[in-house]
Every structure is written in C-alpha cells, then in structure tokens.
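Quick note, the sequences are listed as chains A and B, same order. Add 1 to the 1-based position in the first sequence for our numbering, that's all there is to it. Add 26 to the 1-based position in the second sequence for our numbering, that's all there is to it.
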Amino acid sequence: MHAVDLAHPVDYEGWRAAARRLVLADARPESVDWRVGPQTGLFGDPSAVPAIPAVSRNREFSVPRDFLDLAETITCHRDPARFALLYSLLWRLTHGEPKLLDIVSDREVSRAEAMARAIRRDIHKMHAFVRFREREGHYLAWFEPDHFIVERAAPFFARRFANMDWSILTPDRSVHWDGETLHFTPGASKADVPDDDALEDYWRSYYSSIFNPARLKIEAMKSEMPRKYWHNLPEARMIRPLIRDAGRRVAEMAERGATSPSPKSERWALATVPEPTPESGLDNCRRCSLWRNATQAVPGEGPMGARLMLVGEQPGDQEDLAGRAFVGPAGQLLDRAMVDAGITRADCYVTNAVKHFKFTPRGKRRIHQKPDVSEVEHCRWWLTEEVAAVRPRLIVALGATAGRALLRRDVAVQRERGAILRLGGGGSLLLTVHPSYLLRLPDPAAKVLEYDKFVADLRTATTYAMSA
Amino acid sequence: MTGGSVELREKLEILADAAKYDASCASSGSDRKTSAGTKNGIGSTEGMGICHAYAPDGRCISLLKILLTNFCVYDCLYCVNRRSSNVRRARFTPEEVVRLTLGFYRRNYIEGLFLSSGIIQSPDHTMEQLIRVARMLRVDHGFRGYIHLKTIPDASPDLLTEAGLYADRLSINIELPAEQSLDRLAPEKDAGAIRRSMGRLRLRIEEAKSSPKEPRFAPGGQSTQMIVGADETDDQGILATSDRLYTGYRLRRVYYSAFSPIPDSSSSLPPGAPPLMREHRLYQADWLMRFYGFDAGEIVPSGGLLDLQIDPKLAWALVNRHLFPVDVNKADRESLLRVPGMGVRTVDRLLSIRRHKAVRMEDLGRLRVQLSKVAPFVTTADPQIGRSLLDRVDLRQRLAPKPAQLSLPLLA
C-alpha cells in the first residue's frame, strides 16, 4: 500500500509527480491511497513527501496530451475520489489501453468526462454570474463556485478588465487584479464586498424591461440560471414579481386592444416620407418566377451605341449579390480573354439573356441551374429592349442560351461558332462558348486549346464590329 | 449616473421594452479581442459568447439590447414601435448609451451592446446615429467587447464600411417570410432592398476575410430575424426562405420569433398567445438543415406544417421507417445523424468508440442519449430480442412526450 499526501486540493503538479513514480514502480491503482493535506495546510507549503519507492531512471513512458489536460481540469473537482480515478486511467493508458480516452463510453472515462464537464460549466457560470460592485474605483464581487476553480477562471477577468482594479472573493479562495498581476489570497466572506452599487437599479430596470411576459418559460430560465446562484445576482429579486404579474400584464394588454393612432404620428409620416428607391422597371419584373429566389435583377451595362454587345446566359452567385453582370469567376475569365483579343470592356455593352439568377440551394451553396425555354422567352423582352437601345454592330452570344434567345431557335454552339450570322430583325451575331464552359473543362491541355479558340472568336467579332 | 438619472432610467425602460421583440442576443463567433496589454482599453471578445443572465421568458441576456430611439417613421403593423402606435417614445443621446454600456460592462452584466433604432429622418441619418455610438465606444473608450449593430437597408456604402469596421455583427431583419406579407404589413419596407443589402453584406464580409490586408468588416457575420405567425406562411415556406438566406447570404443565424401580442396592437394581426412550440420546432428544423444534412424540402410533412407534438427528426424517421434500423457499428456518419435522439457530438463520439470496440446499448447509455428514443432505430452489438419496435403502429404514441411535458413551454 502506498499513501500519497497531496499538498492542497488542486495540487495537480503533486499528483502528476507522484503518479509518474507510482507507474514506474508498478504500483497498481487499488494499492494507492490518495490523500489531500490537512485543511490547515490548505494551499500551504507542499512539504508532504509521497511515500513512493525510488525507481530506476532509465524507464520512461508517455501519455497523450489530452489526458494531462483532462487531469489538470479534474483536479479542480470537489469529488474526493478524483485523484484515484485519474491514477486508474493513467494505469490503464500505460497498460495496454493507449486509446482509452477515445472510448468515451468506458465507465471510468465517462465519469472523468462528467467531472470535466462540471468543471467547465462551473467556470463558465463564474464568468457569467460574477457581479462587481464598485467602491472608490475598486470593483469587488462575491461568488460561490461549486469546485476549486478560482485559479482557472481568473485569467478571463484579467483579459477583460485589464485596466480595472478588481477582486473576486469566494469561500475557498480570492483573486485580485492590480492592473498587472493576479494575486490569490485565502477565502473571504460576503460581508467583505459592498452591499449595493449605483447601477444595480438600472440593471434591474433593464432585466425587467427586456422580459416578455407573453413568453413565460420558467424551466428554461432555471436550467441555465439555477436557483443556487440567485442569492448573489442583483437582478434575481425581480424574478418572482415578473412571473407573478406576467399573466395579468398579458391579459390587460389584450383587453386594451388597439387604439386609434394619434394625429401626431400621421404628421411624422408626412414630414418624413422615406426617399423612394430608384424603381427600375427591370427590378420589378415578374414575367417569370425567377425573381422570387434571386436577390435582384441584374441589368446589362455599357455605353449606348457600343459597337459590340456581349450576351451571357444569366447572373451567377456573385453577380446576383453585386447586382452587376460578369463580376464572378466567369466574368474574370471573360475580362482576360477580352484583353487578349484586344477589346476594351468599357467600350462594350455586356448583359445576360436572363436577368435573374436561377439556382437550387445545396448545402451551403447555390448551384447554378440552366434557365428553361419559357424563362428565356419571358426575359427576351428585356434583351430586345437593350438591343434596340444600344444598336450594336455585332452581338456576341456567349453559349447556347444566349444563342437561343437571340436567334429564336436551338443552336449547336460548336458547329456554328465563329461565323457572322444574320439576325432576323437586322443586325449580326457571332456565336461562341460561354466562359464558364472553359472553367468547367477538367483537362488543362483542353483548357488552353479552348481558351485560344475563344479568344480567336472574340477577335473575329471585334474585327467585324470595328470595321467600317 | 448623477443628474437627471431618473429620466435616464425611464428611457432605459422604454427603449429596452421596445427592443425585446428582437430575439437575437448572440455574442459568439467574432474575432478575438482583449484589453490586456492596452493602456486604457476595456473588454474582451473570445470565441464563445456568454449569457450573463436569463429572464423568466427563458431567453439569454448577453448584450445590452436597446433602441437608440423608438420614434419611427415606418408603420409596420407587427411592430410595437410603429408610427401609429401610442407607446411612450424616448430617445437616448449617444453619450447615454455609451455610459450605460460601459457601466454595465464593468460590472460584468453584459458582453456588449446590441443597438438598433427606429427609422428617423432617413435611412442614412439613422445609420449614422448608430455608427456614432459604436465609434465612441471603440475609438474614444477602447471598448473591446461585442457590438451588434442593426443595419438599415439601403444605407449608403460608406456608412456600411464604417459600421463593419466597429461592429462584430451586423443584421438586417427580413421580418416576414413572404414578400407579399411584407407589402401588406410593412408597406414602407422594401423586400428587394433588404435582399440587396444582405447580398452586399455577404460580399463585404467575404472580402474582409479573404485577406488580412482588407479592413475589418463584421467578423461575426450577419444574422436576421423572421416573425412567425403574423402572416399565413406555413413552415415549408418559412424554411424555404431560411434556406435561401443561408445559402444566398451565408447568414450565421436566422432567428425565428413567435409573433407575440404587443401593446396597442393592430386589429389585423392574430391575437392571443405567441406560437412558442411552433417557434421551437422551427429552430429544430433549422438545426437539421444546417448541421444534419437535411434538405429544407424533406423536413416538413406534406401538410406544410411541422408536427408540434414530436420533434422534426423523429417525425421524419417515423415516416421513413424503411431506412431503419441503422447499425451503429457500420453505418456512415450521414445515416447516424438521421437517427432520432442522436446529436452531432454523440455521432462523432460513436465513430471514435467503434474504432476500438463493438458498440453496445450500454455504450449509448453512457453517451447520455435517451435510449428509449434511439433504441427502435438502431441495432448494436447486443443480440436483438423479439420483434423490432419499428413495425409497431403505436411507435409514435410510445415516443411522443407526455402531454404534461409538452405544455410546459406554453405555461403562459
């Protein structure tokens, strides 16, 4: 039998040193008696020396970092059996069960996890429920944690209230911050903190006003803010009256019903009518149902009278958000190709056959969907308007959808591309691929080849558009 | 707080009361900030936000949630602050908001400020007032706590830039799930402007994240709120709208707010208790969409409304019994996530355990799952005894919570 005397209730270092030697000495868990030093020596000098046999120096072992973190956490628990449980876990980790911590359903692991959870919750609640009271520039709080967590909870307050002088007093341990260092002192009593603060009435007013009496959920409140904390929370004294009066307040509200608006309120409306947003006809288009899911209609842009007009399929994710055509990945590729073909984008009119983004939501993304024939037909009205207004010498149809919208028939892009085609109502058109087609090609060699063909088509178009 | 303090306390009451119908109080997921090492900074923001108190409505109080003013030129029927309402009106000065925020913060009552406002004069003017408070906190007082600013749709881009510089989170409320409802109940609000503003916010947030050189812009992302039960939109329609908001604008959260009777309410709105259980089921369904791989379309039954008696995952499993039981020792993560009563954490732990041993019922028990709920839908390494519960017609009755428990949240 080995007896180990730990210096104080949170003597993690003492436990770790002793446990290490015990494992090396082959001391089985049931043969170790873990004791915490007498209360008088609490947090005193760690003079007690564990009665553990000496071991040879050449034997070593290691344990997962996770275990050391777990051990350090659990050391703060008030359960007297915590050190024995930790030693038992250590023993098993070093005796054929190196992956023990992965098996959360193991009896001892789950017990340790439960303790760690309790510690984390206790620390969290301390961060949440400490209430400072100010006395001559010094902020003081009284708090009663369940476990030995003051050391672990304190750094949070130092990071948050770095330039305040504050102290948190608890029954076991107190902590003080002077702007530079955390100091720990023995436990204190509630009488050591002021019994009121100038702002507590304001805080209670806020607490009461933010409460909605029509949504009473007392159990939900109690599970997160258990009753044991209430006596140290200044706002908690409002809980009873708020619950008591909730039903009456809701009933009275219903009884009073609606009143007629004061004449004053009508004056506000007249005095300050919100500025009307510029109502583009396009943005109010309801010809098909694509507007429902899209952010906005994306109009074309470019100078009226541009010699070259480029027509894509529809706005994509980025275009839909920005409200501008060809600003996403396909737009960037188009920009590059236009530069390579010797075209200045600012001189062209760029638009889409369909003005709203069509997509299906999948996971976190919006997946592009090809517009169907009827959507293209409905939107052609806008495209025709644009063509009539711009009167380009040549229209470049990027992809089959644009081709269909302008030629009013099914097109075969690869067969018909690169040639100057006549349009029914006058004007000319050149058909080529959509830049997103290039983005989708998996083979890098094919990508280069197709890109060059695309640039060649654009060059043909610009030569035609700029001639004469 | 000396001089005129009675008046300030009254303002606080009026302008907190005016803000309480906004459900959001989150203070999580922003960039990390600390006042440690600063000369006179105050506050910190670290990963998870903290709920500093809970009101008897079960809601967390994390931020000082107030309106700068409840004067408003809009007349949205569902809103307590609408122009035609006879509620008492008040207006804080920016200095008063700063004093209250810092005073509360120093006493550890709050994580920060959630500031909203009625629309006064114009969207830009209103936005400027909100930004002014945020600027005073951040620049003049070195405040490093959390700031959530309500964004006024279609406020100018420069104002948006400045708001994103100071705020941790920005939000624009979509208010109602259907555009027609917004037209009817909030005639001055423009659904298109709301969507455009959300789109703009997403682009700005992503731009700021793309490079450390970009100026800070609302690292806590954007969120919104939808009022449930003020119009006729069913749950299918609500979740489809949420799905669009999540995928389109990458919102951190969509908050659902059961329409709650407001003082001096309009007669064209439903009277009576807020549909709290429906709100709860919507949150559960929302969770299934975001973390459990469910599509918006498959969660809601054909009637268009979520089952109020049982949770949406259990309801889904009961009509898809052919997909069960799932073998906890073999099934993939996606299938395990669809088992009623098993959360993401439980599933990940199971996957870890089964690499080392065969999983039995007692393992599930120690993972703190509700065995009676999970058991009919899984097989474990234990021998199967008797007929599967899956075949029983009364499985739903067996698994549905007892009526007493169900009525609990409806206490009011």
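A virtual CB, placed ideally from N, CA and C, is assigned to each residue, including glycine.
Run down chain B in chain order and give the residues with a C-beta less than 7 Å from the C-beta of residue i.
i, result
"residue 324 of chain A", "222"
"residue 159 of chain A", "62"
By a C-beta neighbour count over all protein chains shown, 10 Å radius and 16 as the cutoff for buried, is residue i buried or exposed?
i, result
"residue 287 of chain A", "exposed"
"residue 370 of chain A", "exposed"
"residue 16 of chain A", "buried"
"residue 46 of chain A", "Residue placement at residue 46 of chain A is poorly supported in this model, since its pLDDT is 44, which falls under 50; the coordinates are not used for a value here."
"residue 303 of chain A", "buried"
"residue 48 of chain A", "Caution applies to residue 48 of chain A, whose pLDDT of 47 falls short of 50 and renders its modelled position unreliable; the value that the coordinates give is listed next. Classification of residue 48 of chain A: exposed, given that the 10 Å Cβ count is below 16."
"residue 428 of chain B", "exposed"
"residue 51 of chain A", "Since pLDDT at residue 51 of chain A reaches only 48, below the 50 mark, its modelled position is unreliable, and the value read off the structure follows with that caveat. Buried, because 16 or more other Cβ atoms sit within 10 Å of the Cβ of residue 51 of chain A."
"residue 59 of chain B", "buried"
"residue 315 of chain B", "buried"
"residue 82 of chain A", "exposed"
"residue 122 of chain B", "buried"
"residue 75 of chain B", "buried"
"residue 185 of chain A", "exposed"
"residue 78 of chain A", "buried"
"residue 120 of chain A", "buried"
Mind pulling the chain B residues with CB within less than 8 Å of residue i?
i, result
"residue 204 of chain A", "130, 133, 135"
"residue 140 of chain A", "132, 133"
"residue 299 of chain A", "In chain order: nothing, as chain B lies at least about 11 Å away."
"residue 116 of chain A", "Chain B residues near residue 116 of chain A: none, gap ~14 Å exceeds 8 Å."
"residue 122 of chain A", "Per Cβ cutoff of 8 Å: no residues; residue 122 of chain A is ~12 Å from chain B at best."
"residue 191 of chain A", "Simply none; closest approach about 17 Å."
What residues from chain A crowd round residue i, counting only those whose CB sits closer than 9 Å?
i, result
"residue 112 of chain B", "260, 261, 262, 263, 266"
If residue i sits next to residue j, beta carbons under 8 Å apart, how far is it from one beta carbon to the other, in whole angstroms?
i, j, result
"residue 321 of chain B", "residue 327 of chain B", "Not a contact, Cβ separation roughly 14 Å."
"residue 401 of chain B", "residue 385 of chain B", "Not quite, the Cβ-Cβ distance comes to about 13 Å (not below 8 Å), so this is no contact."
"residue 376 of chain A", "residue 431 of chain A", "Contact doesn't hold; Cβ gap of about 24 Å is too wide."
"residue 143 of chain B", "residue 211 of chain B", "Not quite, the Cβ-Cβ distance comes to about 20 Å (not below 8 Å), so this is no contact."
"residue 168 of chain A", "residue 200 of chain A", "Going by Cβ atoms, the distance from residue 168 of chain A to residue 200 of chain A rounds to 18 Å, so no, they are not a contact pair."
"residue 436 of chain A", "residue 334 of chain A", "4 Å"
"residue 91 of chain A", "residue 110 of chain A", "So it is not a contact: roughly 12 Å between Cβ atoms."
"residue 61 of chain B", "residue 161 of chain A", "7 Å"
"residue 111 of chain B", "residue 290 of chain B", "5 Å"
"residue 362 of chain A", "residue 273 of chain B", "4 Å"
Short check: CB of residue i to CB of residue j, under 9 Å?
i, j, result
"residue 218 of chain B", "residue 315 of chain A", "no"
"residue 418 of chain A", "residue 454 of chain A", "yes"
"residue 77 of chain B", "residue 129 of chain A", "yes"
"residue 190 of chain B", "residue 55 of chain B", "no"
"residue 267 of chain A", "residue 307 of chain B", "no"
"residue 35 of chain B", "residue 103 of chain A", "no"
"residue 13 of chain B", "residue 425 of chain B", "Nothing can be reported for residue 13 of chain B, as the shown portion of chain B is limited to 27 through 438."
"residue 439 of chain B", "residue 91 of chain B", "The structure shown has nothing for residue 439 of chain B, since chain B only spans 27 to 438."
"residue 179 of chain A", "residue 235 of chain A", "no"
"residue 84 of chain B", "residue 216 of chain A", "yes"
"residue 355 of chain A", "residue 372 of chain A", "yes"
"residue 173 of chain B", "residue 128 of chain B", "no"
"residue 180 of chain B", "residue 242 of chain B", "no"
"residue 72 of chain B", "residue 157 of chain A", "yes"
"residue 166 of chain B", "residue 124 of chain B", "yes"
Quick check: does the Cβ of residue i come within less than 8 Å of any heavy atom belonging to the ligand FAD?
i, result
"residue 80 of chain B", "Among the components modelled here there is no ligand, and therefore nothing to report on the ligand FAD."
Determine the chain A residues that contact residue i at a beta-carbon separation under 7 Å, and present them in chain order.
i, result
"residue 312 of chain B", "Under the 7 Å cutoff, chain A gives no residues; its nearest Cβ is about 14 Å from residue 312 of chain B."
"residue 77 of chain B", "129, 225"
"residue 389 of chain B", "106"
"residue 197 of chain B", "Under the 7 Å cutoff, chain A gives no residues; its nearest Cβ is about 17 Å from residue 197 of chain B."
"residue 382 of chain B", "100, 103, 104"
Give the residues of chain B in contact with residue i, contact being defined as C-beta atoms less than 9 Å apart.
i, result
"residue 200 of chain A", "27, 126, 129, 130, 132, 133, 135"
"residue 244 of chain A", "82"
"residue 233 of chain A", "Those do not exist, as residue 233 of chain A stays about 12 Å from chain B at its closest Cβ, beyond 9 Å."
"residue 438 of chain A", "Within 9 Å Cβ-Cβ: nothing; residue 438 of chain A doesn't reach chain B, min ~24 Å."
Going along chain A in order, which residues have a C-beta closer than 8 Å to the C-beta of residue i?
i, result
"residue 90 of chain B", "207"
Whole beta strand (DSSP E) runs in the region 113-190 of chain A with 3 or more residues, listed along the chain? Counting whole runs of 3 or more residues, the region 113-190 of chain A contains the beta strand (DSSP E) stretches 134-136, 139-143, 166-170, 174-178, 183-187.
Taking only runs that begin and end inside the region 79-107 of chain A, name each unbroken alpha helix (DSSP H) of 4 or more residues, in chain order. 83-94
Fully enclosed by the region 149-221 of chain B, which beta strand (DSSP E) runs are 3 residues long or longer? 172-176, 195-197
Considering only residues of the region 199-265 of chain A, which uninterrupted alpha helix (DSSP H) runs meet the minimum length of 4 residues and lie entirely inside it, listed in chain order? 201-211, 219-225, 240-257
Sequence ranges, alpha helix (DSSP H) only - wholly within the region 339-421 of chain A, length at least 4: 374-391, 401-408, 414-417
With a floor of 3 residues, list each beta strand (DSSP E) that falls wholly inside the region 47-115 of chain B, ordered by position along the chain. 89-93
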